[in-house]
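Below is one structure, written out as structure tokens, with a few remarks after it.
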Ligand code: FAD
Ligand code: NAI
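Residue numbers (my numbering): 1114 to 1577.
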């Protein structure tokens, strides 16, 4: 037993865990964080949000330079790709971020207990040979890749997002299984660098969780950019050989088999909660039918003194959701009131154009029998988007038919990952489309499209 004891031990240093640890320390709780990776920051900083965005940003610049700027009178000769350099950029961004968390731990006097944490019982965590006593245990162990039965991810030919972030050369062809967020983001990175990308999606649409208009328009835009799609299709077999992968495909509802060959197969069919080796069975922490840790409204598991946040519990697997849960839990443990509104968690897909959303989709409102109004405005009618030569997409606002309260906002377009914040704030304050319509938006900015969509919800857009 170690001499050291804590108020809080957080297991896992992803955005849920490290943010929770910092907030606990800020509130005067003696805090440690257990992490088994060699660097802090979890999936997000090491092999998720941050490296993928570094490659998305760099590949987007490359594609822009590769002819896309000609329409604006900029011709570039002798352009070439230095993939090693691009990967080095990604690695340096990851390093700066993970080291940044290490610095924040030191600044806040949080002990990093290096190794895999095992919960021996409520109030005790073992890391290697040491066992530490603590008042509260917070599980923030995140999620892991899902694979298909009989398909071994070797991270060389058959890769998950982790392998797709590290390819040493640009493949000629890539098949992506799954037209969700990872499939489209990583598919875009490699298509921009020259790979022929085919997305195989089981359902009859890409981005199935998003508003129907967004899925449809985004597929059209990505197709125009050169991405290929096979919707309503399942992969029944994938065999990796020396020169790539051979795949057997079938219509999702059954039918004739077709074959496909590719240099690389990216499996991006979702992620599962990660609880391996924590010792939850022994301690009696209950899981739900999908392997997620069951928690109550205060993030308490079935065992007193043990809590869970982030990807390992129900809800969208998003870094900012995990972070907010971490803050709320820390504040509750310190005797304060925490608040999180699950109806106001934005989602962003960092393709180009970007996709963003908050709140209900049109289909959800229909299913719930809610009467609603739609205000939609395209980027083609926005001066700034024209000046940027980026006119794909729209903003769609769904507001209540009687109260006008904003219920959902869905966007495709340039920088809509930033523009969504306005909608989130308005929804958090229970605001209406009219509130947005009456708010002064600077001209010429992309944000005017949000205002125009709000005006359109009342049938009075100006610029269309
Ligand atoms: P994680 O970040 O998964 O961290 C869990 C940590 O716990 C890991 O470091 C793990 O090593 C550690 N751990 C597990 N078990 C133990 C143990 N027993 N002892 C010690 N340590 C342990 N989300 C966004 O919001 N925006 C994005 O742009 C985005 N992009 C993504 C891109 C990719 C390619 C991927 C894969 C994910 C992306 N996500 C994104 C999702 C995001 O990464 C997750 O939602 C987020 O990381 C979840 O945070 P977490 O703290 O719950 O867990
Ligand atoms: P996802 O859930 O977004 O998409 C998976 C897709 O695969 C779905 O469209 C699904 O219908 C399809 N699918 C499932 N089984 C299939 C099969 N057998 N054959 C063909 N298609 C199949 O999951 P994804 O893209 O793997 O991402 C995992 C998580 O990571 C997501 O929950 C997401 O929230 C998070 N993430 C977030 C990002 C962001 O916020 N920008 C970026 C990347 C990941």
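Quick reminder that beta carbons are idealized off the backbone N, C-alpha and C, glycines included. Quick caveat, the model's predicted, so the values are computed rather than measured.
Worksheet item: What's the call for residue 1290, buried or exposed, on a 16-neighbour Cβ count within 10 Å?
Response: Reading the chain shown from its first residue, position 177 is the one you call residue 1290. By the neighbour-count criterion, in which a residue is buried when 16 or more other Cβ atoms sit within 10 angstroms of its Cβ, residue 1290 is buried.
Worksheet item: If you draw a straight line from the alpha carbon of residue 1328 to that of residue 1321, how long is it in whole angstroms?
Response: Start at 1 with the first residue of the chain shown, and residue 1328 comes out as number 215. Start at 1 with the first residue of the chain shown, and residue 1321 comes out as number 208. Put simply, the backbone Cα of residue 1328 is about 7 Å away from that of residue 1321.
Fill in: residue 1315 in three-state terms, based on DSSP
Numbered from 1 along the chain shown, position 202 holds the residue referred to as residue 1315. Three-state DSSP puts residue 1315 in coil, outside helix and strand.
Discussion item. Could you pull the DSSP bridge partners for residue 1558 from this structure?
Written reply: Translated into positions along the chain shown, residue 1558 becomes position 445. None, per the DSSP bridge assignment.
Worksheet item: Leaving out the 5 sequence neighbours to the left and right, which residues in its chain are closer than 6 Å to residue 1347 when beta-carbon positions are compared?
Response: As a first step, residue 1347 is located in the chain shown; it is residue number 234 there, counting from the start. Excluding positions up to five away in sequence, the list reads 1315, 1363 and 1365.
Worksheet entry | Whole runs of the alpha helix (DSSP H) within the segment 1380 to 1440, excluding any shorter than 4 residues | Runs of the alpha helix (DSSP H) inside the segment 1380 to 1440: 1393 to 1396.
Worksheet item: In the structure shown, what three-state DSSP assignment does residue 1377 receive?
Response: On the chain shown, position 264 is the one that residue 1377 refers to. Per DSSP, reduced to three states, the secondary structure at residue 1377 is strand.
Discussion item. Ignoring anything shorter than 4 residues, give me the alpha helix (DSSP H) runs that lie fully in the segment 1517 to 1546, in order along the chain.
Written reply: Counting whole runs of 4 or more residues, the segment 1517 to 1546 contains the alpha helix (DSSP H) stretches 1529 to 1541.
Practice prompt. Given a cut-off of 8 Å, decide if residue 1124 and residue 1391 are closer than it, judged by their beta-carbon atoms.
Written response: The residue you call residue 1391 lines up with position 278 of the chain shown. The residue you call residue 1124 lines up with position 11 of the chain shown. Yes, Cβ-Cβ distance for residue 1391 and residue 1124 is below 8 Å.
Item to complete: Please determine if the segment 1438 to 1445 and the segment 1478 to 1497 are in contact, where contact requires at least 3 C-beta pairs separated by less than 8 Å.
Response: The answer is no - the segment 1478 to 1497 does not touch the segment 1438 to 1445, with fewer than three Cβ pairs under 8 Å.
Discussion item. Could you check whether the segment 1196 to 1205 touches the segment 1333 to 1351, counting it as contact only if at least three pairs of C-beta atoms, one from each stretch, sit closer than 8 Å?
Written reply: Flag = no, the segment 1196 to 1205 and the segment 1333 to 1351 do not touch.
Item to complete: Starting from the N-terminal side, write out each stretch of the alpha helix (DSSP H) that is 4 residues or longer and does not extend beyond the segment 1175 to 1256.
Response: Taking only runs of at least 4 residues, the alpha helix (DSSP H) segments lying wholly in the segment 1175 to 1256 are 1196 to 1220.
Worksheet item: Are the beta-carbon atoms of residue 1515 and residue 1566 separated by less than 8 Å?
Response: Along the chain shown, read from residue 1 onward, the residue named residue 1515 stands at position 402. Along the chain shown, read from residue 1 onward, the residue named residue 1566 stands at position 453. In this structure, residue 1515 keeps its C-beta atom at 8 Å or more from the C-beta atom of residue 1566.
Worksheet item: With DSSP run on the structure shown, which of helix, strand or coil describes residue 1571?
Response: One-based indexing of the chain shown puts residue 1571 at position 458. It is coil, neither helix nor strand.
Worksheet entry | Straight-line Cα distance separating residue 1279 from residue 1377 | Here the question's residue 1377 lines up with position 264 in the chain shown. Here the question's residue 1279 lines up with position 166 in the chain shown. Between the alpha carbons of residue 1377 and residue 1279 lies a gap of roughly 12 Å.
Discussion item. What does the alpha-carbon distance come out to for the pair residue 1215 and residue 1448?
Written reply: Stepping through the chain shown from its first residue, residue 1215 is reached at position 102. Stepping through the chain shown from its first residue, residue 1448 is reached at position 335. Our two residues, residue 1215 and residue 1448, have alpha carbons roughly 27 Å apart in a direct line.
Worksheet item: In chain order, what residues of the same chain lie with their CB nearer than 8 Å to the CB of residue 1416, ignoring the 5 residues before and after it?
Response: In the chain shown, residue 1416 corresponds to position 303, counting from 1. So the list reads 1235, 1396, 1397 and 1398, once near-sequence residues are dropped.
Discussion item. I need the DSSP call for residue 1275, collapsed to helix, strand or coil.
Written reply: In the chain shown, the residue the question calls residue 1275 occupies position 162. In the structure shown, residue 1275 sits in a helix (DSSP, three-state: H, G or I).
Worksheet entry | Beta carbon of residue 1198 nearer than 8 Å to that of residue 1423 | Position 85 of the chain shown, counting from 1, holds the residue named residue 1198. Position 310 of the chain shown, counting from 1, holds the residue named residue 1423. For residue 1198 and residue 1423, no; Cβs fall outside 8 Å.
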